[in-house]
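Take a look at the structure set out below.
Residue numbers (the numbering used here): 575 to 1045.
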């Protein structure tokens, strides 16, 4: 018996040492060995098997739920344990001891800065906060009720026309992605200008003149100054609000390959200029399933209206007639570690701005949901968006500025991935494959012999029905 156990252990040890899977194709009996590397298998190894047409077998994975597309050293997430780390540093420790600009340096450059490095970093960024007058003039031409996020996306895209040296397609023979100094210059420009673009988008929204950056203020103070100053000669934001926003920016700076960061890498793979990459990433962040989530949370809380309405609202959610915004996450199956920190910030903000009435609804909603079997079984815990919107509202930010406040810090994470992408020789232009199920090899039909498309008819009928419902 002892010898059998010993032999079994030897066999198990041998199998583990091989670090591979053996896959048998039951259609033809062919067997292939697939290597396991860092917990995943290589797609090209799966391609050793063939489909019915004799082509390499591929993995079908809508939403890339189980797909690893890059190697990164920027952030680490353990969704089951509720862990988030930037370059190995726990998010809780960075939020307590660091500043946003210091964390941005860490994300983009790999290590926390020395005192001298940080002073140079901060100086470079703050001296790149000014916008070209043509950009400022363009921003003033947006309609007064244009969504600030739409203004930000459009403006970042327009900036690419002012830096043609960043697009190798426009200047053949130059390669900006092999020029470290040129790449760093774009990082300073974007990190500096993003707060000015965000503030100007807000000022245009409320019909007030733009405030130029104030060189004597730090990064967060400068942003709040450009947003809020009226005619005060010595305007300065309350230090508690500056600290709260600084921590919120740290929490939102990076989060692995979320939708917008994946978009940043996708665009970077084509070697388009970094401003266009940022605009594309920001456009992805604009969606309600991503950066628009904290705005959706606030609207949900306003819809609930009072604590007494929470039970009936949750019953609607369970019946599939409503959505519980701010709960659950694609990665986290535990309490989002950022949400814990955000909740602690709320008291400091309320001590300055007054308690936001919606916080009572939010806290009671969280309390009930966390003790309800329906939500427990589905591992729906509050995420970072749940309390963020309430805090922003208390600070006086209008709801349509919430995605913009998400974008400012996330730019640091996007730039970190942009820089990492261009330094990784394994990266290629992104080109996913499709599962084509459409028609094949059809004969062309002259116009006078074609019949109406069923798709067209169903679309028209559906549209007319919706119009009747609205009216």
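Backbone N, C-alpha and C fix where the C-beta goes; we use that ideal spot for every residue, glycine too.
The model shown is predicted, which means the values in this text are computed figures rather than measured ones.
Span of the beta strand (DSSP E), counted from its first residue to its last, around residue i
i	result
residue 608	605-611
residue 595	594-598
residue 649	649-652
Simplified DSSP state of residue i, which is helix, strand or coil
i	result
residue 1034	For residue 1034, the predicted model reports a pLDDT of 49, less than 50, meaning its position is unreliable; a value from the coordinates is still stated below. Residue state, collapsed to three classes: helix.
residue 658	strand
residue 590	Bear in mind that the predicted position of residue 590 carries a pLDDT of just 49, short of 50, making it unreliable; the figure below should be weighed with that in mind. Looking at residue 590 - three-state DSSP - the assignment turns out to be helix.
residue 751	helix
residue 1027	coil
residue 793	helix
residue 805	coil
residue 1001	coil
residue 634	coil
residue 931	coil
residue 971	coil
residue 722	helix
residue 885	helix
residue 784	coil
residue 624	strand
Residue i - containing alpha helix (DSSP H), residue span
i	result
residue 619	617-620
residue 916	911-927
residue 712	707-714
residue 668	665-671
residue 833	833-842
residue 676	674-683
residue 690	689-700
residue 824	813-826
Cβ-Cβ separation, residue j to residue i (assumed contact under 8 Å), whole Å
i	j	result
residue 827	residue 987	5 Å
residue 957	residue 913	6 Å
residue 821	residue 915	7 Å
In chain order, each beta strand (DSSP E) run of at least 3 residues that lies wholly inside the region 852-877: none
Cβ pair count under 8 Å reaching 3, the region 741-751 against the region 681-697: no
At least 3 beta-carbon pairs within less than 8 Å: the region 732-751 vs the region 797-816: Under the three-pair Cβ rule at 8 Å, the region 732-751 does not count as touching the region 797-816.
Is there contact between the region 825-843 and the region 978-996, where contact requires at least three CB pairs shorter than 8 Å? yes
Contact the region 966-981 vs the region 864-876: 3+ CB pairs below 8 Å: yes
Three Cβ pairs or more, each shorter than 8 Å: is that satisfied between the region 764-780 and the region 726-733? Look at the beta carbons and you see the region 764-780 touching the region 726-733: at least three pairs across the two are nearer than 8 Å.
Hey, which unbroken runs of the alpha helix (DSSP H) at 4 residues or more fall wholly within the region 933-964? 947-951
Inter-stretch contact (C-beta, 8 Å, three-pair minimum) for the region 693-713 and the region 783-800: As far as the Cβ criterion goes, the region 693-713 touches the region 783-800, which means the pair count is three or higher.
Is the region 995-1014 close to the region 852-865, with three or more CB pairs under 8 Å? no
Specify whether the region 883-892 and the region 936-943 touch according to this definition: at least 3 beta carbon pairs, one from each stretch, less than 8 Å apart. yes
At a cut of 8 Å, does the region 631-649 reach the region 603-621 through at least three beta carbon pairs? yes
Report yes or no: do three or more beta-carbon pairs, one from the region 590-609 and one from the region 621-632, lie closer than 8 Å? yes
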